[in-house]
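This report refers to the structure that appears directly beneath it.
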Amino acid sequence: MRYAMAIDTKKCVGCSDCVVACQTENNVPHGYCRDWIVENVSGAYPIVEIELRSERCNHCENAPCVRCCPTGASHTVEGGIVMVTHDECIGCGACIQSCPYDARYSHPDGYVDKCTFCQHRLEKGQNTACVDVCPTKCLHFGDIEDPYSDVSLALKNRSWKVLAPEAGTKPQLYFLT
Amino acid sequence: MKEELFISGRDIPNIDPFLNIWHWQIPLYLYLGGIAAGIMFFAGLFTIMGKEKEMATTVKWAPFLVPIALVLGLFALFLDLKHEMYFWRLYTTVRMGSPMSWGAWTLMLVTPLSMIWSATYLKEAVPNWNWKFKLIEQTIGFFTKKRREMAWAMMFLAVVLGVYTGILLSAFNARPLWNTSILGPLFLVSGLSTGLATIIWMSKNKTERRIMSQIDIVLIAVELFLIVHLFMGFLSATAVQVEAAELFLGGQFTVTFWVFVVILGLAFPAVLEILELRGFHIPIWIPALLILFGGLVFRFVMVEAGQITRYLY
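Chains as they are written, first to last, in this note's numbering: chain A, 0 to 176; chain B, 17 to 329.
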């Protein structure tokens, strides 16, 4: 089993509903967020193009944050989800430095926090909060090793990219282009 | 084609707009670790060479600074932790993939070793010193006989410590400025050089200072060569590393780096040391202070600039 997410950049309108849903679901402290919207504008006026991306932790297969963690607080659980055990984290910041996606932050309580793919919801057979709330249905989630999962079907007939593949992290967020 | 990137809905402290999660504590810790490594390396080296008498400052007196530097450095590291009451978690596991983990374990070996080393010379430093307890007296006596073995361990661990201060940064693939294997040797040589500067400053013996100045000139030459090599590597690498190098070649760190680190911290003190060896009278604290200051600035610049560099996507 390997959880992954596909984000349809053609459907995303950048409403930030996923951001708010995550903050509410996971009690993210004020001023912080585990997922966020990137607007990438390219071209020269008047011919410009915009790409909207809902980004979060990539739950990398080759996660540098897990490798560099000195205490083992950052670890990978079933389904390839990268998690942080709060009472093992010393708050040294090594994982924050190691992440090419800047997906981690230092929680005001001291430990490092990040997207968990809503593991507590997955255990109950639910989707992640951001996927459920998306008004344009541009987020697809599921087991990428299952050919009939939502994410696998979304990737099937579309071209996609991952972010910074040259970093060698094997990220698990796929952006449909 | 112009490309612009907007990140909306995110303004996390110390992450946006630029990563700035490590502040003064980390460079200070790397600096003190480097000095400690430098002093320990030469104390070990000249003990093995049997020069305790001729090089008394190097072997006996300068090492008294090592435990102080290490404890201060560790305290700075402790202050950097955001979840500090859990710091002991470092010592409940060994994680070979994490430089911070094996660095923590190295310090766990180095700090007591440096304390024992100084303890064996305490009676020479303070003639009336009394250990009061027989057991301590005997233990110290035991280690006094084992100085040569300790010297080997110190040399080895000093190299590990010195390289570690660089590898701690270079292991981060996500920060292109740090992600170069040359950082390990560069920080080691810089650490040895700052350690030497401390010894030269402390020493009252002319011959000792002369030998140390000669070694220091060689180290500075190696360091300058490694810095040139560092930039050659960046400029012939990927776009993100070229951009990282440009922070120092016209970017915001250009003046700090080339003036305070390269010219005032390396080249100028080397010239002063050469002139002194040629017989000019130059107060020894001037080149020593410049080297020590340059080493400090070097670490601050590298830590600060490295955090700005990132992958583009």
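Note that CB positions come from ideal geometry on N, CA and C, so glycine has one too.
| Which whole-angstrom value is the C-beta distance of residue 100 (chain A) and residue 162 (chain A), which I expect to be below 8 Å? | Residue mapping note: residue 100 (chain A) aligns to position 101 of the first sequence, counting from 1. Residue mapping note: residue 162 (chain A) aligns to position 163 of the first sequence, counting from 1. Confirmed, about 6 Å.
| said: Counting only Cβ pairs nearer than 9 Å, list the residues of chain B close to residue 104 (chain A). | reply: For the purposes of this step, residue 104 (chain A) is taken as residue 105 along the first sequence, with counting starting at 1. Chain B residues near residue 104 (chain A): 28, 29, 30, 31, 37.
| field | Three-state class that DSSP yields for residue 207 (chain B) in the structure shown | value | Taking the second sequence and counting its residues from 1, the one referred to as residue 207 (chain B) is at position 191. Of the three classes helix, strand and coil, the one that applies to residue 207 (chain B) here is helix, per DSSP.
| task | Could you check the C-alpha separation between residue 299 (chain B) and residue 119 (chain B) for me, to the nearest Å? | result | Looking up residue 299 (chain B) in the second sequence gives position 283. Looking up residue 119 (chain B) in the second sequence gives position 103. Rounded to whole angstroms, residue 299 (chain B) to residue 119 (chain B) spans 37 Å at the Cα level.
| task | Would you verify that the beta carbon of residue 60 (chain A) is, or is not, closer than 7 Å to some beta carbon of chain B? | result | As a working note, residue 60 (chain A) is residue 61 in the first sequence. No, residue 60 (chain A) does not count as interfacial toward chain B.
| First and last residue of the uninterrupted beta strand (DSSP E) at residue 139 (chain A) | By one-based count along the first sequence, residue 139 (chain A) stands at place 140. It spans 138-142 - the beta strand (DSSP E) in which residue 139 (chain A) sits, taken as one unbroken run.
| message | Under 6 Å: does the beta carbon of residue 54 (chain B) sit that close to some heavy atom of the ligand ZN? | response | Because no ligand of any kind appears in the structure shown, any question about the ligand ZN cannot be addressed here.
| Listed from N- to C-terminal order along the chain, which residues in the region 103-130 of chain A have their beta-carbon within a distance smaller than 7 Å of any beta-carbon of chain B? | Of all residues in the region 103-130 of chain A, 104, 105, 109, 110 have a Cβ within less than 7 Å of some Cβ in chain B.
| request: Kindly list, in the order they appear in chain A, the residues whose Cβ is closer than 7 Å to that of residue 117 (chain B). | output: Counting from 1 along the second sequence, the entry for residue 117 (chain B) is found at position 101. What residue 117 (chain B) touches in chain A: 69.
| DSSP three-state call for residue 103 (chain A): helix, strand or coil? | For the purposes of this step, residue 103 (chain A) is taken as residue 104 along the first sequence, with counting starting at 1. Collapsing the DSSP output to three states places residue 103 (chain A) in coil.
| message | Can you check which of these residues, B:190, B:218, B:248, is closest to residue 81 (chain B) by C-alpha distance? | response | Translated into positions along the second sequence, residue 81 (chain B) becomes position 65. Checked all of B:190, B:218, B:248; the closest Cα to residue 81 (chain B) is B:218.
| query | With which residues is residue 47 (chain A) paired in a DSSP beta bridge? | reply | By 1-based counting over the first sequence, the position of residue 47 (chain A) is 48. Bridge partners of residue 47 (chain A): A:42.
| request: Name the residue from A:102, A:149, A:121 whose alpha carbon lies nearest to the alpha carbon of residue 32 (chain B). | output: To locate residue 32 (chain B), count along the second sequence from 1; it is residue 16. Between residue 32 (chain B) and the set A:102, A:149, A:121, the nearest pair of CA atoms involves A:102.
| message | Pull the bridge partners of residue 175 (chain A) from the DSSP assignment, please. | response | Residue mapping note: residue 175 (chain A) aligns to position 176 of the first sequence, counting from 1. Bridge partners of residue 175 (chain A): A:7, A:159.
| query | Since residue 260 (chain B) and residue 325 (chain B) are thought to touch, with beta carbons under 8 Å apart, how far apart are those beta carbons, to the nearest angstrom? | reply | Here residue 260 (chain B) corresponds to residue number 244 of the second sequence, with the count starting at 1. Here residue 325 (chain B) corresponds to residue number 309 of the second sequence, with the count starting at 1. The Cβ separation is near 4 Å, so the contact holds.
| query | What is the rounded straight-line gap between the Cα of residue 4 (chain B) and the Cα of residue 73 (chain B)? | reply | Residue 4 (chain B) is absent from the model: chain B starts at 17 and stops at 329.
| task | Please determine if the region 57-70 of chain B and the region 68-84 of chain A are in contact, where contact requires at least 3 C-beta pairs separated by less than 8 Å. | result | Flag = no, the region 57-70 of chain B and the region 68-84 of chain A do not touch.
| task | Find out if the Cβ-Cβ distance for the pair residue 135 (chain B), residue 156 (chain B) is shorter than 7 Å. | result | Counting from 1 along the second sequence, the entry for residue 135 (chain B) is found at position 119. Counting from 1 along the second sequence, the entry for residue 156 (chain B) is found at position 140. For residue 135 (chain B) and residue 156 (chain B), yes; Cβs fall inside 7 Å.
| message | Check for me: the alpha helix (DSSP H) holding residue 413 (chain B) runs from which residue to which? | response | Residue numbering for chain B in the displayed model covers 17 to 329; residue 413 (chain B) lies beyond these limits and cannot be assessed.
| message | Assuming contact is defined by CB atoms lying nearer than 7 Å, are residue 59 (chain A) and residue 114 (chain A) in contact in what I supplied? | response | Taking the first sequence and counting its residues from 1, the one referred to as residue 59 (chain A) is at position 60. Taking the first sequence and counting its residues from 1, the one referred to as residue 114 (chain A) is at position 115. Cβ distance not < 7 Å, so residue 59 (chain A) and residue 114 (chain A) don't count as in contact.
| Which bits of chain A does residue 187 (chain B) rub up against, with CB to CB less than 7 Å? | Translated into positions along the second sequence, residue 187 (chain B) becomes position 171. Around residue 187 (chain B), the beta-carbon contacts reaching into chain A at under 7 Å are 67.
| task | Locate the alpha helix (DSSP H) running through residue 183 (chain B), then write down its first and last residues. | result | Walking along the second sequence from the start, residue 183 (chain B) turns up at place 167. Note, residue 183 (chain B): alpha helix (DSSP H), 163-186.
| Span separating the alpha-carbon of residue 156 (chain A) from that of residue 150 (chain A) | Indexing the first sequence from 1 puts residue 156 (chain A) at position 157. Indexing the first sequence from 1 puts residue 150 (chain A) at position 151. In this structure, the straight-line span from the alpha carbon of residue 156 (chain A) to that of residue 150 (chain A) is close to 11 Å.
| What's the call for residue 234 (chain B), buried or exposed, on a 16-neighbour Cβ count within 10 Å? | On the second sequence, residue 234 (chain B) is found 218 positions in, with the first residue counted as 1. With fewer than 16 other Cβ atoms within 10 Å, it is exposed.
| message | Under 9 Å, CB to CB, which of the residues in the region 237-254 of chain B have a partner in chain A? | response | Listed by position, the residues of the region 237-254 of chain B near chain A (Cβ gap below 9 Å) are 254.
| Hey, how far is the Cα of residue 60 (chain B) from the Cα of residue 323 (chain B)? | On the second sequence, residue 60 (chain B) is found 44 positions in, with the first residue counted as 1. On the second sequence, residue 323 (chain B) is found 307 positions in, with the first residue counted as 1. Whole-angstrom Cα-Cα distance: 35 Å.
| Of the choices A:87, A:122, A:136, A:78, whose alpha-carbon is the least far from that of residue 109 (chain A)? | Along the first sequence, read from residue 1 onward, the residue named residue 109 (chain A) stands at position 110. Checking every option, the nearest Cα to that of residue 109 (chain A) belongs to A:87.
| message | Tell me which residues share the same chain as residue 350 (chain B) and place their Cβ nearer than 7 Å to its Cβ, disregarding the 5 neighbours each side in the sequence. | response | In this structure chain B extends from 17 to 329, so residue 350 (chain B) is not present and cannot be described.
| said: Give me, in chain order, the residues of the same chain whose beta-carbon lies closer than 7 Å to that of residue 92 (chain B); leave out the 5 immediate sequence neighbours on both sides. | reply: The count along the second sequence starts at 1 and reaches residue 92 (chain B) at position 76. Within the same chain, residue 92 (chain B) has close Cβ partners 41, 44, 45.
| Within the 7 Å Cβ cut-off, does residue 196 (chain B) reach chain A? | Within the second sequence, residue 196 (chain B) is the residue found at index 180, counting from 1. By the rule that beta-carbons nearer than 7 Å mark a contact, residue 196 (chain B) does not touch chain A.
| message | Assuming residue 209 (chain B) and residue 293 (chain B) are in contact, meaning their beta carbons sit under 8 Å apart, how far apart are those beta carbons, in whole angstroms? | response | Counted from its first residue, the second sequence places residue 209 (chain B) at position 193. Counted from its first residue, the second sequence places residue 293 (chain B) at position 277. Contact check for residue 209 (chain B) and residue 293 (chain B): beta-carbon distance about 16 Å, past the 8 Å limit, so the pair fails to qualify.
| request: Give the residues of chain A in contact with residue 105 (chain B), contact being defined as C-beta atoms less than 9 Å apart. | output: Within the second sequence, residue 105 (chain B) is the residue found at index 89, counting from 1. Per Cβ cutoff of 9 Å: 69, 70, 71, 72, 86, 87, 88, 89.
| Classification of residue 175 (chain A) by the beta-carbon crowding that lies within 10 angstroms, buried from 16 upward | One-based indexing of the first sequence puts residue 175 (chain A) at position 176. Looking at its Cβ environment, which holds 16 or more other Cβ atoms inside 10 Å, residue 175 (chain A) is buried.
| field | Beta-carbon proximity check, residue 313 (chain B) vs residue 276 (chain B), cutoff 7 Å | value | Start at 1 with the first residue of the second sequence, and residue 313 (chain B) comes out as number 297. Start at 1 with the first residue of the second sequence, and residue 276 (chain B) comes out as number 260. Between residue 313 (chain B) and residue 276 (chain B), the C-beta spacing is below 7 Å.
| task | For residue 2 (chain A), name the three-state secondary structure that DSSP assigns. | result | What you label residue 2 (chain A) is simply residue 3 of the first sequence in a count that begins at 1. Here DSSP, grouped into helix, strand and coil, assigns residue 2 (chain A) to strand.
| said: I'd like to know if residue 97 (chain A) contacts chain B, where contact means its C-beta is closer than 7 Å to some C-beta of that chain. | reply: Taking the first sequence and counting its residues from 1, the one referred to as residue 97 (chain A) is at position 98. With 7 Å as the cut-off, residue 97 (chain A) counts as an interface residue toward chain B.
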